[in-house]
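Undergrad:
Protein chains: 2
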Amino acid sequence: MNLKQLSHMLALSQTTVSRALNGYPEVNEETRRRVIDAAKRHGYRPNPSARRLATGKTGMIGYVLPTGTAVDIDPHFVEFLSGLGDYARSHELDLVLSPADADDQETTYRRIVANRQVDAVYISSPRPADRRVALVSTLGIPFIVHGRSEGLDFDYPFTDIDNEGAFHEAARLLIQLGHRRLALINGDDRETFAIHRERGVRRALAASGLALGEDHVCSLAMTEENGYRAARRLLEQSDAPTAITCSSLIMALGVVRAVRDLGLTIPGDLSLIAHDDVFPWLKPENFSVPLSTTRSSIRLAGARVAERLAARISGLEVGARGEVWPVDLVVRGSVAGAPA
Amino acid sequence: MNLKQLSHMLALSQTTVSRALNGYPEVNEETRRRVIDAAKRHGYRPNPSARRLATGKTGMIGYVLPTGTAVDIDPHFVEFLSGLGDYARSHELDLVLSPADADDQETTYRRIVANRQVDAVYISSPRPADRRVALVSTLGIPFIVHGRSEGLDFDYPFTDIDNEGAFHEAARLLIQLGHRRLALINGDDRETFAIHRERGVRRALAASGLALGEDHVCSLAMTEENGYRAARRLLEQSDAPTAITCSSLIMALGVVRAVRDLGLTIPGDLSLIAHDDVFPWLKPENFSVPLSTTRSSIRLAGARVAERLAARISGLEVGARGEVWPVDLVVRGSVAGAPA
DNA sequence: CGAAAAGACCAAAGCGCTTTGGAAGACTCT
DNA sequence: AGAGTCTTCCAAAGCGCTTTGGTCTTTTCG
Numbered sequence: 001m002n003l004k005q006l007s008h009m010l011a012l013s014q015t016t017v018s019r020a021l022n023g024y025p026e027v028n029e030e031t032r033r034r035v036i037d038a039a040k041r042h043g044y045r046p047n048p049s050a051r052r053l054a055t056g057k058t059g060m061i062g063y064v065l066p067t068g069t070a071v072d073i074d075p076h077f078v079e080f081l082s083g084l085g086d087y088a089r090s091h092e093l094d095l096v097l098s099p100a101d102a103d104d105q106e107t108t109y110r111r112i113v114a115n116r117q118v119d120a121v122y123i124s125s126p127r128p129a130d131r132r133v134a135l136v137s138t139l140g141i142p143f144i145v146h147g148r149s150e151g152l153d154f155d156y157p158f159t160d161i162d163n164e165g166a167f168h169e170a171a172r173l174l175i176q177l178g179h180r181r182l183a184l185i186n187g188d189d190r191e192t193f194a195i196h197r198e199r200g201v202r203r204a205l206a207a208s209g210l211a212l213g214e215d216h217v218c219s220l221a222m223t224e225e226n227g228y229r230a231a232r233r234l235l236e237q238s239d240a241p242t243a244i245t246c247s248s249l250i251m252a253l254g255v256v257r258a259v260r261d262l263g264l265t266i267p268g269d270l271s272l273i274a275h276d277d278v279f280p281w282l283k284p285e286n287f288s289v290p291l292s293t294t295r296s297s298i299r300l301a302g303a304r305v306a307e308r309l310a311a312r313i314s315g316l317e318v319g320a321r322g323e324v325w326p327v328d329l330v331v332r333g334s335v336a337g338a339p340a
Numbered sequence: 341m342n343l344k345q346l347s348h349m350l351a352l353s354q355t356t357v358s359r360a361l362n363g364y365p366e367v368n369e370e371t372r373r374r375v376i377d378a379a380k381r382h383g384y385r386p387n388p389s390a391r392r393l394a395t396g397k398t399g400m401i402g403y404v405l406p407t408g409t410a411v412d413i414d415p416h417f418v419e420f421l422s423g424l425g426d427y428a429r430s431h432e433l434d435l436v437l438s439p440a441d442a443d444d445q446e447t448t449y450r451r452i453v454a455n456r457q458v459d460a461v462y463i464s465s466p467r468p469a470d471r472r473v474a475l476v477s478t479l480g481i482p483f484i485v486h487g488r489s490e491g492l493d494f495d496y497p498f499t500d501i502d503n504e505g506a507f508h509e510a511a512r513l514l515i516q517l518g519h520r521r522l523a524l525i526n527g528d529d530r531e532t533f534a535i536h537r538e539r540g541v542r543r544a545l546a547a548s549g550l551a552l553g554e555d556h557v558c559s560l561a562m563t564e565e566n567g568y569r570a571a572r573r574l575l576e577q578s579d580a581p582t583a584i585t586c587s588s589l590i591m592a593l594g595v596v597r598a599v600r601d602l603g604l605t606i607p608g609d610l611s612l613i614a615h616d617d618v619f620p621w622l623k624p625e626n627f628s629v630p631l632s633t634t635r636s637s638i639r640l641a642g643a644r645v646a647e648r649l650a651a652r653i654s655g656l657e658v659g660a661r662g663e664v665w666p667v668d669l670v671v672r673g674s675v676a677g678a679p680a
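So the protein sequences, as listed, match chains S and U. Mapping to our numbering: the first sequence position 144 is 144, numbers consecutive. Counting from 1 along the second sequence, just add 340 to a position and that's the residue number in our numbering.
#1: Between the region 643-659 of chain U and the region 603-621 of chain U, are three or more C-beta pairs nearer than 8 Å?
#2: Under 9 Å between beta-carbons, which chain U residues line up against S:Met222? List them in chain order, please.
#3: Assuming the contact rule is C-beta atoms closer than 8 Å, S:Ser85 and U:Thr407 should be a hit. Round their C-beta distance to whole Å, please.
#4: Assuming contact is defined by CB atoms lying nearer than 8 Å, are S:Thr108 and S:Val64 in contact in what I supplied?
#5: For S:Asn28, count neighbouring C-beta atoms within 10 Å of its own C-beta (all shown protein chains included) and say buried if the count is 16 or more, exposed if not.
#6: Please report the straight-line C-alpha distance between S:Glu191 and S:Ala252, rounded to a whole angstrom.
#7: Can you check whether the C-beta of U:Gly505 is within less than 8 Å of a C-beta belonging to chain S?
#8: Does any CB atom of chain S fall closer than 8 Å to the CB of U:Gln354?
#9: Compare the beta carbon distance of U:Ile613 and U:Ser548 with 8 Å and say whether it is the shorter of the two.
#10: When the Cα of S:Asp162 is compared with those of S:Ala301, S:Arg19, S:Asn2, which residue comes out closest?
#11: Cα separation between U:Thr563 and U:Ser587?
#12: Report the CB separation of S:Thr242 from S:Ser271 in whole angstroms; it is logged as a contact under 8 Å.
#13: In whole angstroms, give me the CA-to-CA distance for S:Tyr156 and S:Ser124.
#14: Are the Cβ atoms of S:Phe193 and S:Gly147 separated by less than 8 Å?
#15: Taking the alpha helix (DSSP H) that U:Phe509 falls in, what are its first and last residues?
#16: From this set, S:Arg299, S:Asp269, S:Pro290, S:Ser288, which residue's C-alpha is nearest S:Ala340's C-alpha?
#17: Going by beta-carbon coordinates alone, are U:Leu560 and U:Asn566 separated by less than 8 Å?
#18: Note down, in chain order, each residue of its chain lying with its Cβ closer than 6 Å to the Cβ of S:Trp325, except the 5 sequence neighbours on either side.
#19: Since S:Val278 and S:Ile298 should fall inside the 8 Å C-beta cutoff, what is the C-beta to C-beta distance between them, to a whole number of angstroms?
#20: Got a sec: is the Cβ-Cβ distance from U:Glu565 to anything in chain S below 8 Å?
#21: Please check if any C-beta of chain S sits within less than 8 Å of the C-beta of U:Phe462.
#22: What is the residue span of the beta strand (DSSP E) that U:Pro439 lies within?
#23: What separation, rounded to the nearest whole angstrom, lies between the Cα atoms of U:Leu631 and S:Tyr228?
#24: Would you mind working out which of S:Val217, S:Arg32, S:Leu210 sits nearest S:Ala230, comparing C-alpha positions?
#25: Let me know the secondary structure DSSP gives S:Val289 once reduced to three states.
#26: According to the neighbour-count rule (16 or more other Cβ atoms, all chains shown, within 10 Å of its Cβ), is S:Pro128 buried or exposed?
#27: Taking the C-alpha atoms as reference points, what is the distance between U:Arg635 and U:Asn626?
#28: Between S:His76, S:Ala100, S:Leu93, S:Ala88, which has its C-alpha nearest U:Gly423's C-alpha?
#29: Using only CA atoms, which one of S:Phe77, S:Leu95, S:Asp94, S:Arg111 lies nearest to U:Glu432?
#30: Would you tell me roughly how many angstroms separate the C-alpha atoms of S:Ile185 and S:Glu214, rounded to the nearest one?
#31: How is S:Leu270 classed by DSSP in three states: helix, strand or coil?
#32: Would you kindly work out how many angstroms separate the C-alpha atoms of S:Tyr24 and S:Arg34, rounded to a whole number?
#33: Taking U:Asp459 and U:Thr398 to be in contact with their CB atoms under 8 Å, please state how far apart those CB atoms are, rounded to whole angstroms.
#34: Alpha carbons only, please: which of S:Thr55, S:Ser7, S:Ser238, S:Glu26 is nearest the one belonging to S:Tyr44?
#35: Report the start-end ranges of each beta strand (DSSP E) in the region 564-612 of chain U that is 3 residues or longer and not cut off at the edges.
#36: Compare the C-beta of U:Ala440 against all C-beta atoms of chain S and say whether one is closer than 8 Å.
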């Protein structure tokens, strides 16, 4: 059932039927009702390919997915996607993932914009002076950055959490508890979130006249194994930290294992606070010693990003407003006063 | 730069240019070279919307993504996606995720087929007599099932691993080691993979005149917490198992925690074998006691599914061939002879 | 009461591609 | 030389929708 058939059946022109369906004003309300009714009864659904060709609108939002045998997609992605998908569904948006060579995403961005394959895109895991942000911005497609870049000479719309504030608070708490030697087990420090977290820890230390030693900060891909290695390295050195802040729950698993292997205890020998993105399948309260966390649901962020994308597509949102969400500090058993 | 401009510039008809570009035979090789050359030089890329409208081909593969606030996307998804994306990239395919109400995916399947939004779809986490498989099959869109359904009265193409064989082997090993009371901590037993795994364990036990007690099998969403709960429940009962087979590495984390909480040891008091889908961020060899596993890379499966989808789209693959991959049993420190 | 404005509808021109159904010229064959 | 065959190219008809630029009635109002 296409527009031609439907309009013929109603003895109306395609123009009028199309307008009736799309809510244009220049059609009699009585006629509109007839049209809508008939469309529903016959299950008429405009062909999206045709509509897209005519309007340029696709009803899709895009994401360039870096791939390659050596490239691992972040497990956070799936939670983000849950939120994004949930919102997208309610607004009849689909998400198209365009796989790209991790080292050349630009080509793919250009392609999806040139081809008008999507109405908007989002960018995640931004880095300082992120080229993707600059690119997408000049290409003129609506977009939202999940996270933040830095050192760009223009503003852009983003949704981020207060990583610096979160880790500042975490470190401050540890310092208040008497800890003097803090360490940070961080994610890849080429990404802004990691830089912000480190900044937060340093700022808290500096406020008490302390500093983060060069050998007290690790920056690695967020795997259990790297958490373990980092913790071993930190805890086996002469001025081992008495407290660790950690960028991920998965790394924290490794930290806990290292602590156990070394015959130490949490929080007796080591206090630990990790960032929790809120996974359904791994919860900080279920660690053998319940884990203190800085908590922020990445799923909510996904929903928010989708919401803003939808708003930008429909022109409801304009400008370059960045929003930063506060992060909860949730104290559980894994922190205690510094050992004597 | 569109076809019209390009053909005008070459003083050829759109027909000829189109044919030259798409490799049709009825065009002079000399002319073809000129056209291809000019197209490249001017960066001509056919507009996919237009091409789609004309041909019906989209260059996209679809996946219906169940969403909802109470619905968690499986973290395995991201690994599967890595493989799928990697292959898709090399074949210039995009992936479109269509979010759907988890309780009504049918509408979405019908929509994406009716609208010709994708060239093929894949289905994951199938259940016995899965309605999606039946639906997609009658809708007539090319598809591949990742996993298997059962009890359908027709054949369909799938790629699955030998879940039954894997868990059969795991259980057999444990029995050979003298274990008599085995337990199974399984995933959601409404899904076929879980059913097959249970079947494998039962078969191995039966071969030695043993059985899987009703209270020795748990079927839950695969979270750390559920792994913990299940293990507690199993290990605290009077005829506690001396060996556990477990459907996921994440659940195994919980099992290990439970064992520790109960003051037991692996493999002294309990042998443990879990299924490993091969995550980059959590490796069985890094468990405090290296974990024995049945191993199968879900990422490879993703690549294979993409490959088959591409083949079906281009007509290279037809028919309903199902393929079943063998699973490796990797023995590490977490298994030992049954306690005396 | 007549002119201007508003209301309701339509024919046709795109959007940019593929594909059908020729047509013109060059070649082969008898 | 005329008939048939290739080879090579083209004009034009879709694909199914939106939107422009009208036309023909009605209504409004000085």
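Even glycine gets a Cβ: it sits at the ideal position worked out from N, Cα and C. Model, not experiment: these values are computed from the prediction.
TA: If we stick to the structure as given:
#1: no
#2: Residue mapping note: residue 222 of chain S aligns to position 222 of the first sequence, counting from 1. Ordered by position in chain U, the residues that pass the 9 Å Cβ test against S:Met222 are Trp621.
#3: Within the first sequence, numbered from 1, the residue matching residue 85 of chain S stands at position 85. Within the second sequence, numbered from 1, the residue matching residue 407 of chain U stands at position 67. Checking the sequence shown, residue 85 of chain S turns out to be Gly, not Ser. Contact holds; Cβ gap of about 4 Å.
#4: Your numbering for residue 108 of chain S matches position 108 in the first sequence. Your numbering for residue 64 of chain S matches position 64 in the first sequence. Cβ distance < 8 Å, so S:Thr108 and S:Val64 count as in contact.
#5: Looking up residue 28 of chain S in the first sequence gives position 28. Its Cβ having fewer than 16 others within 10 Å, S:Asn28 is exposed.
#6: Along the first sequence, one-based indexing puts residue 191 of chain S at 191. Along the first sequence, one-based indexing puts residue 252 of chain S at 252. Looking at the two C-alpha atoms, the distance is approximately 19 Å.
#7: Here residue 505 of chain U refers to the residue found at position 165 of the second sequence. It does not: the Cβ of U:Gly505 has no partner Cβ on chain S nearer than 8 Å.
#8: Here residue 354 of chain U refers to the residue found at position 14 of the second sequence. It does not: the Cβ of U:Gln354 has no partner Cβ on chain S nearer than 8 Å.
#9: Sequence index remark: in the second sequence, residue 613 of chain U carries index 273 (1-based). Sequence index remark: in the second sequence, residue 548 of chain U carries index 208 (1-based). Going by C-beta atoms, U:Ile613 is not nearer than 8 Å to U:Ser548.
#10: For the purposes of this step, residue 162 of chain S is taken as the residue at position 162 of the first sequence. S:Asp162 has its Cα closest to that of S:Ala301, out of S:Ala301, S:Arg19, S:Asn2.
#11: Taking the first residue of the second sequence as 1, we reach residue 563 of chain U at position 223. Taking the first residue of the second sequence as 1, we reach residue 587 of chain U at position 247. Between U:Thr563 and U:Ser587, the C-alpha separation is close to 11 Å.
#12: Reading the first sequence from its first residue, position 242 is the one you call residue 242 of chain S. Reading the first sequence from its first residue, position 271 is the one you call residue 271 of chain S. The pair is a contact, with the Cβ atoms about 7 Å apart (cut-off 8 Å).
#13: Looking up residue 156 of chain S in the first sequence gives position 156. Looking up residue 124 of chain S in the first sequence gives position 124. C-alpha separation (whole angstroms): 13 Å.
#14: As a position in the first sequence, residue 193 of chain S is number 193, starting the count at 1. As a position in the first sequence, residue 147 of chain S is number 147, starting the count at 1. Closer than 8 Å, so yes.
#15: Looking up residue 509 of chain U in the second sequence gives position 169. The question names Phe, yet the displayed sequence has Glu at residue 509 of chain U. U:Glu509 -> alpha helix (DSSP H) spans 503-516.
#16: Here residue 340 of chain S is taken as the residue at index 340 of the first sequence, counted from 1. If we check each option's Cα against that of S:Ala340, S:Asp269 comes out closest.
#17: Reading the second sequence from its first residue, position 220 is the one you call residue 560 of chain U. Reading the second sequence from its first residue, position 226 is the one you call residue 566 of chain U. In contact: U:Leu560 and U:Asn566 (Cβ atoms closer than 8 Å).
#18: Residue 325 of chain S sits at position 325 when you count from the first residue of the first sequence. If we look at S:Trp325 and ignore the five residues flanking it on each side, its Cβ neighbours are Ile161.
#19: In the first sequence, counting from the first residue as 1, residue 278 of chain S sits at position 278. In the first sequence, counting from the first residue as 1, residue 298 of chain S sits at position 298. Correct: roughly 7 Å between the Cβ atoms.
#20: Working through the second sequence from its first residue, we reach residue 565 of chain U at position 225. U:Glu565 counts as touching chain S.
#21: Position 122 of the second sequence, counting from 1, holds the residue named residue 462 of chain U. Going by the sequence as given, residue 462 of chain U is Tyr instead of Phe. No, U:Tyr462 lies away from the interface with chain S (no Cβ there is under 8 Å from its Cβ).
#22: As a first step, residue 439 of chain U is located in the second sequence; it is residue number 99 there, counting from the start. First-last of the beta strand (DSSP E) with U:Pro439: 434-441.
#23: Reading the second sequence from its first residue, position 291 is the one you call residue 631 of chain U. Reading the first sequence from its first residue, position 228 is the one you call residue 228 of chain S. Spanning the two alpha carbons is a distance of roughly 16 Å.
#24: By one-based count along the first sequence, residue 230 of chain S stands at place 230. Taking only the C-alpha atoms, the option nearest S:Ala230 is S:Val217.
#25: Within the first sequence, numbered from 1, the residue matching residue 289 of chain S stands at position 289. Note: S:Val289 maps to coil in three-state DSSP.
#26: By 1-based counting over the first sequence, the position of residue 128 of chain S is 128. When all chains shown are included, S:Pro128 counts as exposed.
#27: For the purposes of this step, residue 635 of chain U is taken as the residue at position 295 of the second sequence. For the purposes of this step, residue 626 of chain U is taken as the residue at position 286 of the second sequence. Roughly 15 Å between the two C-alpha positions.
#28: Here residue 423 of chain U refers to the residue found at position 83 when the second sequence is read from its first residue. For U:Gly423, the nearest C-alpha among the options comes from S:Ala100.
#29: The residue labelled residue 432 of chain U in the question sits at position 92 within the second sequence. The shortest Cα separation from U:Glu432 among S:Phe77, S:Leu95, S:Asp94, S:Arg111 belongs to S:Arg111.
#30: For the purposes of this step, residue 185 of chain S is taken as the residue at position 185 of the first sequence. For the purposes of this step, residue 214 of chain S is taken as the residue at position 214 of the first sequence. About 12 Å.
#31: Looking up residue 270 of chain S in the first sequence gives position 270. S:Leu270: coil per DSSP, three-state reduction.
#32: In the first sequence, residue 24 of chain S corresponds to position 24, counting from 1. In the first sequence, residue 34 of chain S corresponds to position 34, counting from 1. S:Tyr24 and S:Arg34: Cα-Cα distance of roughly 15 Å.
#33: Locating residue 459 of chain U in the second sequence gives position 119, counting from the first residue. Locating residue 398 of chain U in the second sequence gives position 58, counting from the first residue. About 5 Å separates the two Cβ atoms, so the contact holds.
#34: As a working mapping, residue 44 of chain S is identified with position 44 in the first sequence. Minimum Cα distance to S:Tyr44 is reached at S:Ser7.
#35: 583-586
#36: Locating residue 440 of chain U in the second sequence gives position 100, counting from the first residue. True, the Cβ-Cβ gap to chain S drops below 8 Å.
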